[in-house]
Amino acid sequence: MNKQELKAALESAGVDEDAYWLEGGRPNEAYTLERRDNGWAVYYSEKGNRNDEVVFDTEDEACCELLNWVLNDDTVMGR
């Protein structure tokens with residue numbers, strides 16, 4: 346899975362678009378995907394902090410993990 350496929354899966358599942366951010370950085374209260382020199386990071390960004398950050402070697406692994414996190418959070422479904 347790549348970033349575009351992840352976005353399509355999130356939209357198809359009815360996830361509120363404010364619940365995630367696929368361009369890195371530190372958006373407030375959003376599941377975040379970030380490209381790094383050493384791989385891909387997935388974390389929950391809140392108040393400038395990167396919570397539960399995990400770094401993966403591949404885009405596929407990171408996208409699958411972010412999708413899993415979001416789909417298991419009932420609070421982000423179609424707010």
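To convert, take the position in the sequence shown, counting from 1, and add 345; that gives my numbering. Where a beta carbon is used, it is the ideal one built from N, C-alpha and C, also for glycine.
Original post:
If you run the structure through DSSP and keep just helix, strand and coil, what is N373?
Top reply: Note: N373 maps to coil in three-state DSSP.
**OP:** Look up D397 in the DSSP assignment and say whether it is helix, strand or coil.
**Re:** D397 falls in the strand class under three-state DSSP.
Original post:
Alpha carbon to alpha carbon, what distance is there between A407 and Y388?
Top reply: Straight-line Cα distance between these residues: approximately 10 Å.
Original post:
When you compare only the Cα positions, how much space is there between F401 and L351?
Top reply: Separation of F401 and L351 (C-alpha to C-alpha, rounded to the nearest whole angstrom) is 15 Å.
**OP:** Use the C-beta contact count for S357: other C-beta atoms within 10 angstroms, 16 or more gives buried, fewer gives exposed.
**Re:** Under a 10 Å Cβ-count criterion, S357 is classified as exposed, with fewer than 16 other Cβ atoms of the shown protein chains found around its own Cβ.
Original post:
How would you label T420, buried or exposed, when you count the other beta carbons within 10 angstroms and need 16 or more for buried?
Top reply: Around the beta carbon of T420, fewer than 16 other beta carbons sit within 10 angstroms, so the residue counts as exposed.
**OP:** From the DSSP output, read off the bridge partner residues of G359.
**Re:** Partner(s): none; G359 has no beta bridge.
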